[in-house]
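First the structure, in the form of structure tokens, and then the observations on it.
And the structure:
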């Protein structure tokens, strides 16, 4: 569809420059200052230098700030006018009033803006019709963040060992936020805590929390606790204290450890958990003995890498790159809704293949436009930018899957078909001289993936004391859940709602029991039901 | 073995038929059963007529998704290596070793100054990176050669390993777009296209579909 904007007014040069920026980057979300930096490149460089440079006198700095504000007002004036004309729309606004704008056209649409002698055509690339659209309309399937599911990645991992201070990490995270739509994992975060002061950590956490809230993203702090330095435990404990005081809503703690560490440093873990318990902050435990590669936890659900590929990454690349992509695009499958409406297992498998084709189309678009869509994150790896997608996968998530009998068998055989499809497609692309990666993993979904998902139909797992872990009912349930980790190779979790009289000491004992007894690579302790919780241990996913 | 056909579709079908009828069976590194003919030459005298027809035929099968034609074209014409590809032909042709534009700085000036030259060769294999036993993927096109005969630009490609069912349709299309690019700059007509496939093979998994294609009218 082509829209024509011609209201007889004259097009100002600055307005034209703003539209030119959107013409060049039609998919991009610009902040007011982002546009200033693009349009007034030289001036804004000088402004930044004048503001930052401590050797300049106050007048210079003040003058630079005034000039920056002047540019800001000018650009914002035209941005608001373009919003009024329906050419742009505001995408986000932070608490401090920082506005972001995107082009107000859908993919495939064209906008002709003609004012007197100046004319500019704005287009967004067309998306082919996807073979799942009918099922999306029926509420059986949903793409994760459908507006950005092509031009943003779901999840990426940043290596904290590649950053010396929090400021450089924060800048990278901010740059990456415009390229991702769910979660950034900060791997080996303990390395930064050890290298920097606690005040710096506190300042970082506050800023990061605000950014996460403003941009609606999750960040995971993954603490590798398998290489404990005993003399630095106090500092780590203080960091957890700061975290629990701040209670950042969108930052998630993942403790990557083995039963061994929980045994040897039980006192430390008790203190850490007490801090989190005080403020009812949920946390995750990743069992390193069962799964080497990190788990990421976003709004859509958990993510992870393939363990074999992760070993290769650790050996060959982890010290050379700042980050890698984990998951490119996701689709959620509402299993309850499907079998309520369609009931046919054959069609379930056929639909999964259609989902696979849809993800292939999405990947194809991402490949061709990678320079445009993912410019910021590709820059992260410098000469290794080609390796950025080397370990990434796509994700089919399943919601309410336990409502269908024999679902594990159905998913297992469907997984084989999907894997064969991916292998065949990779072979076709290699044969055509375009060797590329295309992998699909199965995962579980969180209800935050999409608000329209069917009502949760599985019971949560409650725990009030250690002894409950030894009951027959619990043992059977946990054993059953163990097997789901093989199916959901792209990410799965067990969430334990802890009620009763929880203490750091009792929880550490429970964690050690779970780590030693069950093959659960990732589980979460949730304290939201701490008071008045159902004391019966039932079930969860 | 040598095949000469007028159209692209006829050439593709004859190539596959030759491998299906006369190929030797073997199991490849990925444990797939293949049938293979060594040193198969296929020449298409009038490729323009139906150059995209084999790709369209593959797209008619709903079983798989074939790469979009603009992506196939972009792979050979784009100087930039997109991060999602392990390798790409365009950068090797137009920006070899980040230095040499083999087409614009060599082939075109050479054939302009000496139209009968036999030196208009583009090399895509880089021994520094491709002659590595641990490398998972290496280019199929090893070299491309361009020659002006009777005012027409003819092209020949040496293809190391060539999947005749899935690969050849894209390869011949890529040769065609490159030939068009060069002939426009030389102001001459595009001529025939020839592929010399050192290993021309098909996979047993696709025999049924290959037979369906062979039964189609060209």
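Residue numbers (my numbering), protein chains in the order written: chain S, 34 to 574; chain L, 3 to 220. Even for Gly, the Cβ is constructed at its ideal location relative to N, Cα and C.
- Among the CB atoms of chain L, none fall inside 9 Å of the CB of residue 190 (chain S).
- Counting along the chain, residue 170 (chain L) sits inside the alpha helix (DSSP H) bounded by residues 169–188.
- Contact of residue 346 (chain S) with chain L is not assigned, every C-beta pair being separated by 9 Å or more.
- About 5 Å separates the Cβ atoms of residue 205 (chain L) and residue 34 (chain L), confirming a contact at the 8 Å cut-off.
- Within the region 37–78 of chain S, the complete alpha helix (DSSP H) segments at least 4 residues long are 46–57 and 65–72, listed from N- to C-terminus.
- Per the C-alpha coordinates, the member of S:408, S:495, S:403 and S:378 positioned closest to residue 442 (chain S) is S:378.
- Not a single CB atom of chain L sits nearer than 9 Å to the CB of residue 281 (chain S).
- The beta carbon of residue 354 (chain S) is closer than 6 Å to those of 414 and 417 in its chain, skipping five residues each way along the sequence.
- For the region 442–470 of chain S, the beta-carbon criterion of a distance under 9 Å to any beta-carbon of chain L is satisfied by 454, 456, 457, 458, 460, 461, 462, 463, 464, 465, 466, 467, 468, 469 and 470.
- Residues of chain S with a Cβ closer than 7 Å to the Cβ of residue 165 (chain L) are, in chain order, 464.
- Assignment of residue 201 (chain L) by DSSP, reduced to helix, strand and coil, places it in the strand class.
- One Cα belongs to residue 337 (chain S), the other to residue 317 (chain S), and the distance between them is close to 14 Å.
- Non-local C-beta neighbours of residue 177 (chain L) in its own chain, meaning closer than 6 Å and more than five positions away in sequence, comprise 157, 159 and 195, ordered along the chain.
- For residue 142 (chain L), the neighbours in chain S by C-beta distance under 7 Å run, in chain order, 466.
- Nearest CB-CB separation between residue 82 (chain L) and chain S: below the 9 Å threshold.
- Between residue 477 (chain S) and residue 430 (chain S), the C-beta gap is smaller than 9 Å, which places the two residues in contact.
- The beta carbon of residue 435 (chain S) is closer than 6 Å to those of 491 in its chain, skipping five residues each way along the sequence.
- When DSSP reads this structure, residue 335 (chain S) sits in a beta bridge with S:330.
- At a Cβ-Cβ threshold of 9 Å, residue 47 (chain L) and residue 114 (chain L) do not count as neighbours.
- Between residue 43 (chain L) and residue 10 (chain L), the C-beta spacing is not below 9 Å.
- For residue 495 (chain S), the enclosing beta strand (DSSP E) stretches over residues 494–496.
- Approximately 6 Å separates the beta-carbon atoms of residue 471 (chain S) and residue 393 (chain S); this is inside 8 Å, confirming the contact.
- Judged by beta-carbon spacing, residue 231 (chain S) lies within the 9 Å limit of residue 275 (chain S), meaning their Cβ atoms are closer than that value.
- When DSSP reads this structure, residue 218 (chain S) sits in a beta bridge with S:190 and S:253.
- Interface with chain L (9 Å Cβ-Cβ cutoff): residue 400 (chain S) is included.
- Residue 192 (chain L) has L:155 as its beta-bridge partners, per DSSP.
- Scanning the region 503–548 of chain S from its first residue to its last, the whole beta strand (DSSP E) runs of 3-plus residues come out as 527–531.
- For the region 82–113 of chain L, the residues whose beta carbon sits under 9 Å from a beta carbon of chain S are, in order, 82, 83, 84, 85, 86, 87, 88, 89, 90 and 91.
- S:306 is the residue among S:295, S:438, S:306 and S:390 whose C-alpha sits nearest the C-alpha of residue 286 (chain S).
- In the three-state reduction of the DSSP assignment, residue 156 (chain S) falls in the strand class, which pools E and B.
- Only residues of its own chain outside the window of five on either side were considered, and among them 133 have a CB closer than 6 Å to the CB of residue 125 (chain S), listed in chain order.
- Remark: C-beta atoms of residue 461 (chain S) and residue 386 (chain S) do not approach each other more closely than 9 Å.
- Where residue 297 (chain S) is concerned, the enclosing alpha helix (DSSP H) starts and stops at 292–297.
- Residue 214 (chain L) has a beta carbon lying at 9 Å or more from every beta carbon in chain S.
- Annotation: residue 398 (chain S) to residue 145 (chain L) spans about 29 Å, alpha carbon to alpha carbon.
- At a Cβ-Cβ threshold of 9 Å, residue 455 (chain S) and residue 363 (chain S) do not count as neighbours.
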